[in-house]
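A.B. asks:
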Amino acid sequence: MSARIIAIANQKGGPGKTTVTMQLAAGFALRGQKVMVIDTDPQGSATQWGASSDDGSFPASVVSLSAVPDKVHREIKKFVSDYDVILIDCPPSVASPATQSALLIAELALLPVRPSPTDLWALKEIVKLIETARTVNDELLAAVVVNQWQPNTLLSTDALDALQELGLPVMQSRLHQRQAYQQCAVLGTAVYGLGKAAKLAIEEVESLVIEVGKLLGEDLKPVKNPWKQWPLVVKETTQ
Ligand SMILES: Nc1ncnc2c1ncn2[C@@H]1O[C@H](COP(=O)(O)OP(=O)(O)OP(=O)(O)O)[C@@H](O)[C@H]1O
Ligand SMILES: [Mg+2]
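Take 417 as the starting number for the sequence shown in the numbering used here and just add one per residue.
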């Protein structure tokens with residue numbers, strides 16, 4: 417087994433890096449994949465999220481490497497043969513050695529952005545960093561994930577137009593602005609764990625998981641009534 421490695425990064429604070437990381441982790445786990453989340457952010461949000469469920473049922477191992485930000489690419493090598501997917505939640509700074517280190521080892525960089533001008537401006541910095549990383553990691557893919565989407569607002573549609581002009585691939589799947597995403601962090605779960613009431617959010621996450629799979633050349637299948645699979649039974653991993 418050699419894990420697929422995805423870095424979730426962006427310059428700005430708060431566009432949804434940790435949210436995208438944790439929802440994707442759950443979506444891959446739902447398909448029987450063994451998932452690890454690497455938390456490289458000293459704020460420890462992913463670590464806290466993974467530890468917040470009442471019954472410890474978050475279906476991925478969450479490990480913090482925030483103490484060794486410049487060695488993320490080396491440390492991850494210890495885990496690649498034990499997992500199918502490793503998601504790296506980056507800190508809110510492209511200047512952080514953790515972001516740079518993650519981009520050296522990732523196969524795909526996902527860049528969450530909110531449909532706002534300031535988020536779009538901030539993208540320029542991460543794009544520069546991706547170009548630098550590609551001098552070493554020449555097959556690194558990158559794609560923008562629109563988060564906190566609000567349909568039928570001028571700000572959102574204008575921002576999407578501007579985004580498309582930047583020339584970066586933009587994922588078709590978008591996460592809308594929904595309370596379900598906020599609840600997940602508090603409850604230490606993913607949208608699937610909220611049950612059928614979160615159907616719209618579940619559909620968005622499912623669509624994103626399948627689209628990310630396609631970027632990685634994996635043919636992931638839709639899961640019928642995915643909330644019924646929850647909580648998942650996750651196989652133990654020896655580390
Ligand atoms: N689609 C969404 N709808 C509603 N709220 C959201 C959505 N995505 C994220 N949020 C909320 O926005 C806040 C920031 O999200 P998150 O922590 O995922 O961003 P981040 O990029 O990891 O932030 P940081 O830069 O601080 O690490 C959180 O309170 C989260 O619950
Ligand atoms: Mg975060």
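C-beta atoms are modelled at their ideal positions from N, C-alpha and C, and glycine is treated no differently.
Can you determine whether any heavy atom of ligand 1 sits closer than 7 Å to the C-beta of residue 466, and answer yes or no?
C.D. replies: Stepping through the sequence shown from its first residue, residue 466 is reached at position 50. Not so, every heavy atom of ligand 1 lies at least 7 Å from the Cβ.
A.B. asks: By the DSSP assignment, the alpha helix (DSSP H) with residue 518 in it spans what residues?
C.D. replies: What you label residue 518 is simply residue 102 of the sequence shown in a count that begins at 1. Unbroken alpha helix (DSSP H) run through residue 518: 513-521.
A.B. asks: Under three-state DSSP, which class holds residue 497?
C.D. replies: As a first step, residue 497 is located in the sequence shown; it is residue number 81 there, counting from the start. Looking at residue 497 - three-state DSSP - the assignment turns out to be coil, as it is neither helix nor strand.
A.B. asks: If you draw a straight line from the alpha carbon of residue 594 to that of residue 563, how long is it in whole angstroms?
C.D. replies: Locating residue 594 in the sequence shown gives position 178, where the first residue counts as 1. Locating residue 563 in the sequence shown gives position 147, where the first residue counts as 1. Those two C-alpha atoms are separated by around 10 Å.
A.B. asks: State yes or no: is the C-beta of residue 505 nearer than 7 Å to some heavy atom of ligand 2?
C.D. replies: For the purposes of this step, residue 505 is taken as residue 89 along the sequence shown, with counting starting at 1. Residue 505: yes, Cβ under 7 Å from ligand 2.
A.B. asks: With distance defined between alpha-carbon atoms, name the residue in 448, 583, 565, 610 nearest to residue 500.
C.D. replies: Along the sequence shown, one-based indexing puts residue 500 at 84. The residue with the shortest Cα to Cα distance from residue 500 is 448.
A.B. asks: Around the C-beta of residue 537, are 16 or more other C-beta atoms found within 10 angstroms, so that it is buried, or is it exposed?
C.D. replies: Along the sequence shown, one-based indexing puts residue 537 at 121. Label assigned to residue 537: exposed.
A.B. asks: Run through DSSP, which three-state label would residue 401 get?
C.D. replies: A query on residue 401 cannot be resolved here, the shown segment of the chain reaching from 417 to 655 and no further.
A.B. asks: Quick check on DSSP: helix, strand or coil for residue 476?
C.D. replies: Residue mapping note: residue 476 aligns to position 60 of the sequence shown, counting from 1. If DSSP states are grouped into helix, strand and coil, residue 476 belongs with coil.
A.B. asks: Taking the beta carbon of residue 433 as the centre, do at least 16 other beta carbons fall within 10 Å, making it buried, or is it exposed?
C.D. replies: Here residue 433 corresponds to residue number 17 of the sequence shown, with the count starting at 1. Looking at its Cβ environment, which holds 16 or more other Cβ atoms inside 10 Å, residue 433 is buried.
A.B. asks: Rounding to the nearest angstrom, what Cα-Cα distance links residue 533 and residue 452 in this structure?
C.D. replies: Position 117 of the sequence shown, counted from the first residue, corresponds to residue 533. Position 36 of the sequence shown, counted from the first residue, corresponds to residue 452. Taking the straight line from one Cα to the other gives about 33 Å.
A.B. asks: Could you check the C-alpha separation between residue 431 and residue 529 for me, to the nearest Å?
C.D. replies: Locating residue 431 in the sequence shown gives position 15, counting from the first residue. Locating residue 529 in the sequence shown gives position 113, counting from the first residue. About 5 Å.
A.B. asks: Quick one: what does DSSP say residue 533 is sitting in, helix, strand or coil?
C.D. replies: Residue numbering aside, residue 533 sits at position 117 when the sequence shown is read from its first letter. Helix at residue 533.
A.B. asks: Report back the beta-carbon spacing between residue 504 and residue 522 to the nearest angstrom; my notes put them in contact at under 8 Å.
C.D. replies: Taking the first residue of the sequence shown as 1, we reach residue 504 at position 88. Taking the first residue of the sequence shown as 1, we reach residue 522 at position 106. The Cβ separation is near 7 Å, so the contact holds.
A.B. asks: Sorted by chain position, which residues of the same chain lie with C-beta nearer than 8 Å to residue 645's C-beta, five sequence neighbours on each side aside?
C.D. replies: As a working mapping, residue 645 is identified with position 229 in the sequence shown. Taken in chain order, the residues that qualify are 446, 608, 639.
A.B. asks: Is residue 425 helix, strand or coil when you go by DSSP?
C.D. replies: Reading the sequence shown from its first residue, position 9 is the one you call residue 425. Here residue 425 sits in coil by DSSP.
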